[in-house]
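In our numbering, the protein residues as written are 1 to 281.
Note that beta-carbon positions come from the ideal geometry of N, C-alpha and C, so glycine has one too.
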């Protein structure tokens, strides 16, 4: 059945009909009125659908992302000298932002389907992509720290321009399909550049005391694969979001690689191992 061009949106004042998908402040109110209803009824409602795998995986990823972020902060705090540009701290912030994004994903998955065209769904999706802009800026920042660490003003300009473009696309795209397609062109090149950067640093054996670049690069490749196949998997299966839960599993593996690459640098691991080895007499 083709969706109607008019959608009824419930509110305390009653109901109203909307025939336009253009973003309006009152549409944002629909989303932010009850943005994260964590009641048991809402959770059970999500699990009763055919997307129980996706619901459980999103909850699992939220917990794991929080734990990874805290461990990276702990690793950063253990350093004798600490800077805000240190990779463990930068990626801890990325993990925290990614966790918030998964919380929004969970809200969207429990309340909407991928074919939904209501203003509330579009507003929630816009909010999700704005959160995404935060950790994408962090990923670009990590690349700039490797290539152009001394050019702070130029790096700030690049990050500001990318963030502004990302947010503008998220706010101005007329519908979900346009929004998703437009942001693909902003996200995928960053993943490719990130992968190349970490493979390059591994080849040159640079920054081995900072991170395991090969492990991080492998994680980036797995992330790229997930990003490419997700649209197709959403259309498969019987649940509202199809087989997109498979991408959540793939992403979980990918970010586990990325976390480990920054949590256990190869040089630091070797130094600890050698220090623990008994001295021959």
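Cβ pair residue 72, residue 95 closer than 8 angstroms: Here the question's residue 72 lines up with position 72 in the chain shown. Here the question's residue 95 lines up with position 95 in the chain shown. Yes; because the gap between Cβ atoms is below 8 angstroms, this pair is in contact.
Pairwise C-alpha distance: residue 139 and residue 74: Sequence index remark: in the chain shown, residue 74 carries index 74 (1-based). Sequence index remark: in the chain shown, residue 139 carries index 139 (1-based). Between residue 74 and residue 139, the C-alpha separation is close to 20 angstroms.
Residue 265 classed as buried or exposed, judged by whether at least 16 other C-beta atoms fall within 10 angstroms: As a working mapping, residue 265 is identified with position 265 in the chain shown. Answer is buried; the Cβ neighbour count reaches 16.
Where residue 103 falls, given that 16 or more other Cβ within 10 Å makes a residue buried: On the chain shown, residue 103 is found 103 positions in, with the first residue counted as 1. So residue 103 counts as buried.
Closest by C-alpha distance to residue 262, when choosing among 233, 148, 89: Locating residue 262 in the chain shown gives position 262, counting from the first residue. Nearest of 233, 148, 89 to residue 262, Cα basis: 89.
Nearest to residue 93 (by Cα), restricted to the options 109, 70, 78: If you number the chain shown from 1, residue 93 lands on position 93. Nearest option by C-alpha distance: 70.
Alpha carbon of residue 155 to alpha carbon of residue 219, nearest angstrom: What you label residue 155 is simply residue 155 of the chain shown in a count that begins at 1. What you label residue 219 is simply residue 219 of the chain shown in a count that begins at 1. Residue 155 and residue 219: Cα-Cα distance of roughly 24 angstroms.
Residue from 193, 209, 128 with nearest C-alpha to residue 143: Looking up residue 143 in the chain shown gives position 143. The residue with the shortest Cα to Cα distance from residue 143 is 193.
Cβ pair count under 8 angstroms reaching 3, the region 246–256 against the region 219–229: yes
With 16 other Cβ atoms within 10 Å as the buried cut-off, status of residue 52: Here residue 52 refers to the residue found at position 52 of the chain shown. So residue 52 ends up on the exposed side.
Buried versus exposed call for residue 101 [16 or more other C-beta atoms within 10 Å across all chains shown]: Position 101 of the chain shown holds residue 101. Looking at its Cβ environment, which holds 16 or more other Cβ atoms inside 10 Å, residue 101 is buried.
Spatial distance of residue 128 from residue 80 (CA atoms): The count along the chain shown starts at 1 and reaches residue 128 at position 128. The count along the chain shown starts at 1 and reaches residue 80 at position 80. Using only the alpha carbons, I get a separation of about 37 angstroms.
Close beta carbons around residue 141, own chain, < 7 angstroms, minus the five adjacent residues each side: The count along the chain shown starts at 1 and reaches residue 141 at position 141. For residue 141, where only same-chain residues beyond five positions count, the Cβ hits under 7 angstroms are 90, 159.
Exposed unless 16 or more other CB atoms sit within 10 angstroms - verdict on residue 137: One-based indexing of the chain shown puts residue 137 at position 137. Buried, because 16 or more other Cβ atoms sit within 10 Å of the Cβ of residue 137.
Whole alpha helix (DSSP H) elements within the region 62–128, 4-residue minimum: 87–111
Secondary structure of residue 155, DSSP reduced to three states: Taking the chain shown and counting its residues from 1, the one referred to as residue 155 is at position 155. Residue 155 falls in the helix class under three-state DSSP.
Expected contact under 8 angstroms - CB spacing of residue 58 and residue 105 to nearest Å: Here residue 58 refers to the residue found at position 58 when the chain shown is read from its first residue. Here residue 105 refers to the residue found at position 105 when the chain shown is read from its first residue. That pair is a contact at about 6 angstroms.
Residue from 203, 168, 210, 225 whose Cα sits closest to the Cα of residue 189: On the chain shown, position 189 is the one that residue 189 refers to. The option with the nearest alpha carbon to residue 189 is 225.
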